[in-house]
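Enquirer: Please see the structure below; I have some questions.
Numbering (mature numbering (1 follows the signal peptide of the UniProt record, and there is no 0)), first residue to last: -19 to -1, 1 to 241.
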């Protein structure tokens, strides 16, 4: 009987906790709610609670697909970390987005930082750097490496995009989103311990994104499209890759991904 009463009490506390959080961003459009970060449950859509930001419906309209729209005519709604960073509207909540306690605070960056826009290479300086420096207070060398190389890769990818036939551009959009995804989730992060994981996380994510692009796209490019050959596309991204991964990965990248 005691165990039953204990779990009833815990359940009531959790219900009260998340009801309180949801009342902050309840669709009424109260201005003080906007750009607040909270730990939110989304029923059965996701496997657990995750960091989310309260967004105005008008900010979501026109910059994203229908998955991000506020439902039932609400003027504001919670925009989950999984959707902002990884484009997932349901499923398992990743460790990068997961949260375990009732808390909410005003975001440290402007609301537009949470909305992915291809070609916005200033995002790394304007949004990510501000979070890493002012809030998480990570090591400056790590910050400079992530921000500078992220910006460089973004600009290289944008250049490739402009010189690639329209029918082949979708994969470059996915490549940029892949590179930016873990850093988008950092905007929700409240724990500075994440700083110690940056180096490995940055390299492994970049490795995954470059591998996917090389295998699925560059090898299929004909050499005569708009004078922007497979060789030039390869070297544009290769230089960016080497700046991230270091020279130790150069041989594997050159010999295996492109020319086998």
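Don't be surprised by glycine CBs; every beta carbon is placed ideally from N, CA and C.
(1) Report yes if the CB atom of residue 166 is closer than 8 Å to the CB atom of residue 62, and no otherwise.
(2) Closest by CA to residue 29, which one among 191, 78, 110, 177?
(3) Put residue 207 into one of helix, strand or coil per three-state DSSP.
(4) Identify every run of the beta strand (DSSP E) within the segment 89 to 116, keeping only runs that are complete inside it and at least 3 residues long; order them along the chain.
(5) What residue from 143, 157, 80, 175 has the CA that sits closest to residue 189's CA?
(6) Measuring straight from C-alpha to C-alpha, what distance separates residue 134 and residue 160?
(7) Rounded to a whole number of angstroms, what is the C-alpha to C-alpha distance between residue 137 and residue 177?
(8) Less than 8 Å between the CB atoms is what I'm expecting for residue 17 and residue 85, so what's the real figure, rounded?
(9) Entirely within the segment 151 to 199 and at least 4 residues each: give me those alpha helix (DSSP H) ranges in chain order.
(10) Quick check: the Cα distance between residue 236 and residue 194, rounded to an integer number of angstroms?
(11) Looking at residue 114: is its Cβ nearer than 8 Å to the Cβ of residue 132?
(12) Quickly, what does DSSP pair residue 61 with across the bridge? List them, please.
(13) Do you know offhand how far residue 66's Cα is from residue 59's?
(14) Just curious, the alpha helix (DSSP H) that residue 15 is in, first and last residue?
(15) Name, in chain order, the residues that DSSP records as bridge partners for residue 85.
(16) Going by Cα to Cα distance, which pick from 117, 104, 95 is closest to residue 37?
(17) Exposed or buried, which one is residue 145 when buried takes at least 16 other CB atoms within 10 Å?
(18) Can you tell me the Cα-Cα spacing of residue 73 and residue 64, whole angstroms?
(19) State the start and end residues of the unbroken alpha helix (DSSP H) segment that holds residue 56.
(20) Would you decide whether residue 52 is buried or exposed? Buried here means 16 or more other CB atoms lie within 10 Å of its CB.
(21) Are residue 124 and residue 110 close, meaning C-beta to C-beta below 8 Å?
Expert: Well, looking at it:
(1) yes
(2) 78
(3) At residue 207 the pLDDT is 46, less than 50, meaning the model places this residue with poor confidence and gives no usable figure here.
(4) none
(5) 157
(6) 9 Å
(7) 28 Å
(8) 5 Å
(9) 151 to 167, 179 to 197
(10) Confidence is the limiting factor: at residue 236 the pLDDT is only 43, short of 50, which leaves the residue's position unreliable, though a coordinate-based value still follows. Straight-line Cα distance between these residues: approximately 15 Å.
(11) no
(12) 33
(13) 14 Å
(14) That residue, residue 15, is in no alpha helix (DSSP H); it is neither H nor E in DSSP.
(15) 19
(16) 95
(17) buried
(18) 12 Å
(19) Unbroken run through residue 56: none, as it is neither H nor E.
(20) exposed
(21) yes
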